[in-house]
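Structure record follows, encoded as C-alpha cells.
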Amino acid sequence: MPELPEVETLRRQLTDAVVGKTISGVEIIDAIIPPFTVNGTPLVIEIRRWGKYLGICLNNGQQIIIHLRMTGNLLLLPADETLPAHSRFVILFNEVKVVCRDPRRFATIDLVTSFTKNALIENPAVSFPTVAIAHKGASASSPIKQFLLRQEIVAGIGNIYACEILFVARISPFKKTSELTRGEWLRISKASAKILAIGIESRGVSVSDWRDLFGEKGKYQEKLLVYKRKGEKCHRCSGIIERKALAGRGTFFCPSCQR
DNA sequence: GGCACTGTTTATAC
DNA sequence: CGTATAAACAGTGC
Ligand SMILES: [Zn+2]
17 MPELPEVETL
27 RRQLTDAVVG
37 KTISGVEIID
47 AIIPPFTVNG
57 TPLVIEIRRW
67 GKYLGICLNN
77 GQQIIIHLRM
87 TGNLLLLPAD
97 ETLPAHSRFV
107 ILFNEVKVVC
117 RDPRRFATID
127 LVTSFTKNAL
137 IENPAVSFPT
147 VAIAHKGASA
157 SSPIKQFLLR
167 QEIVAGIGNI
177 YACEILFVAR
187 ISPFKKTSEL
197 TRGEWLRISK
207 ASAKILAIGI
217 ESRGVSVSDW
227 RDLFGEKGKY
237 QEKLLVYKRK
247 GEKCHRCSGI
257 IERKALAGRG
267 TFFCPSCQR
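With positions in the first sequence counted from 1, the corresponding number in my numbering is that position plus 16.
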C-alpha cells in the first residue's frame, strides 16, 4: 500500500541508511524486469520522491527510479542475508543490501539519466494550494475522490488516504468537483496536509503486509477513521460507515456527516 | 473450488 | 479530448 506517507517513510529511512554509500550493483531477480547496468560503482548522493516515485540519485549522473505500485516494499538487510520470498530486485552495497519484495509483481525499477514528474500539487503533505485545483475542478465532472487520486493533479494520494482525507473534510467521496465551494476546497486542503502528516509520522499504514525499510509495521492502521471500517460506528456522529465502489475502488465514508 | 477483493498505473476502447 | 474498463499478478478470506 505504498502511498505518499509510505514512500516518504522509505525516502527518509533510505536517506539515513544509504546516502554516502557505494553501490556495487543492482541484481535483477525477476526476469520480467528489463536488465540494466549501473556505470561503475557510484555513491548515493540523495534520495528523492515525486508522489509515489522514489529516486536514488547517484554521483555518476544516473538515477534509479522505483515505483512500488500495490505490494512492493523495500527492506534493508545485511549483505549476506538470504532473500525473502517474492524478492524482485536487490540494490547491493558493501555491507548491506536493499531488497524489493513484491508479491504481485507490479513494482517497477528503471535506470535513467533524468527524471521528473509534474503535478498541479507536487507535495500535498507540505503545501496544498487551492486556487489552481479549484479552477481545474470547476471544469471537471468527476467525483472528488477520483479527482484526488489523479497523480497529475495531486501527487501521492492513494485509495486509503483519499478516503481518510474526505472524512476529515466532511465531504462525500461522490461529490462532483464542479459543485465544491471555496470553503470545501479549503477543508480538503487542510485535511490532506493533516492526514498525510499523520501518515508519515506513523510510518505508514499496514492494513495488509506493508513494512518499512527495517521490516517494521506502520502505526496508521490503528488510527484509521473510515477505511476498512464498514459497518462500524462513525467517530464523529452516530452514523455507520459504508463501503461503496467508486471507479472500481473500495470507498469508505460516513453517509450522515460527509456531504 | 470459486469468487470477490486488495495498496497502482497504463493501454485500449468509446 | 475526457472518461471508463480491463489487464498486469498473487495472495487472502468467505
Ligand atoms: Zn459520521
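The beta carbon of each residue, even a glycine, is placed where N, CA and C say it ideally should be.
query, result
"Residues of its chain near residue 212, where Cβ-Cβ distance is below 7 Å and the 5 sequence neighbours each way are ignored", "20, 21, 140, 141, 177"
"Three CB pairs or more closer than 8 Å across the stretch 40-49 and the stretch 189-197", "no"
"Length of the line joining the Cα atoms of residue 186 and residue 224", "26 Å"
"Other residues of its chain near residue 164: CB distance less than 6 Å, five sequence neighbours each side excluded", "170, 173, 178"
"Of the residues 37, 128, 180, the one placed nearest residue 110, counting alpha carbons only", "37"
"Straight-line gap, residue 257 to residue 274 (C-alpha atoms, nearest Å)", "10 Å"
"Residue interval of the alpha helix (DSSP H) (run including residue 25)", "20-34"
"Chain-ordered list of residues that sit, by beta carbon, closer than 6 Å to a heavy atom of ligand 1", "250, 252, 253, 255, 270, 272, 273"
"Under the three-state DSSP convention, the category residue 240 falls into", "coil"
"Residue environment, residue 122, which counts as buried when at least 16 other CB atoms sit within 10 Å", "exposed"
"Presumed contact (8 Å Cβ cut-off) between residue 244 and residue 269, rounded CB distance", "Incorrect: roughly 12 Å between the Cβ atoms, too far for contact."
"Pair within 8 Å by beta-carbon distance, residue 115 and residue 106", "yes"
"Beta-carbon separation (whole angstroms), residue 131 vs residue 205, contact threshold 8 Å", "Between residue 205 and residue 131 the Cβ distance is about 27 Å, and since that is not below 8 Å, they are no contact."
"Minimum C-alpha distance to residue 45 - residue among 63, 89, 102, 71", "102"
"Which listed residue (78, 94, 133, 89) has its alpha carbon closest to that of residue 104", "89"
"Per-residue burial, residue 183 [other beta carbons within 10 Å of its own, 16 or more giving buried]", "buried"
"Unbroken stretches of the alpha helix (DSSP H), 4 residues or longer, contained in the stretch 102-132", "none"
"Neighbour-count burial assignment, residue 77, 16 or more Cβ in a 10 Å radius", "exposed"
"Separation of residue 239 from residue 197, as counted between CA atoms", "28 Å"
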